[in-house]
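Residue numbers for the sequence shown follow the working numbering, so the first one is 1 and each next one is one higher.
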Amino acid sequence: MESITHMSIFPLNTVLYPGMALPLHIFEERYISMIGECLSKKQPFGVVLIRKGEEVGGPAKVHTIGTVAEIERSEQFDDGRYGLLCVGGSRFRIEEITQERPFMKARVEMLPELTGQERVQETTELANNLRRELASFERLSAQIDPEWEKPTAVPPMEPSGLAYSVAAVIPMRRSDKQRLLSMDSLSSLLSHEIDEIARYNFRCKAVLAAREQADQFEKPDEDEDADEKEKNRTPAYRLN
């Protein structure tokens, strides 16, 4: 793909990262038209996070850094709706919005891939640290919420793929996830994620410790024998 190109843009309340799967249900007329055009021309579209506005309705204000959505599978239903499975490709920066209706189009600049080749040893060490924090994140999340489901996909071994797969699962505000997508240094991205997960893990440990303390306070010592319990019982006083 050329470094400067024109692309249809789909504003969403989701940050799409390179390599991330994105299932979509397309039901709004303007986006049915957009997807039909993309499929007929065998072109991808761009996904950008909404900065102001809504997914449905009039034009939304969007962040300038987004990700190409490659259409892997598509199905059109009898009423015109589409079911899509997309995968995140390269990142891009919107240089100029050239059309807003019926759907957005823009002139975009494709951004270089974050390889970390300039600092191989540093990014390798950071990736290993991130994997350790990720393992703790998964263990603690399961302890905090028994219904929490571990992601089924195995994180990529390659540092940039690992970084983006972790960015997709970190519990953060959308604006913070956008900031991760906008980073132009792999080592900075990895370092930031390590800090974010470490803070989350610390909060989880604090919650678990508080729960354990509360349980100990509420439950009597089961090993204490009956005589000892009787001795420690608060006496009842009779009023004369």
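Even glycine gets a Cβ: it sits at the ideal position worked out from N, Cα and C.
Segment contact: the region 139 to 152 against the region 57 to 68, fewer than three CB-CB distances shorter than 8 Å; contact not assigned. Annotated three-state conformation of residue 17 is coil, per DSSP. With contacts defined by Cβ atoms closer than 7 Å, residue 88 and residue 20 form a contacting pair. A Cβ-Cβ separation of about 5 Å places residue 11 in contact with residue 50 under the 8 Å criterion.
Secondary structure note for residue 98: its beta strand (DSSP E) is the uninterrupted segment 82 to 99. The beta carbon of residue 35 is closer than 6 Å to those of 26 and 82 in its chain, skipping five residues each way along the sequence. Scanning the region 127 to 181 for uninterrupted alpha helix (DSSP H) segments of 4 residues or longer gives 159 to 169, listed from N- to C-terminal end. The secondary-structure analysis by DSSP pairs residue 76 across a beta bridge with 82. A straight line joining the alpha-carbon of residue 48 with that of residue 181 spans about 10 Å. Here residue 102 is exposed, its C-beta having fewer than 16 other C-beta atoms within 10 Å.
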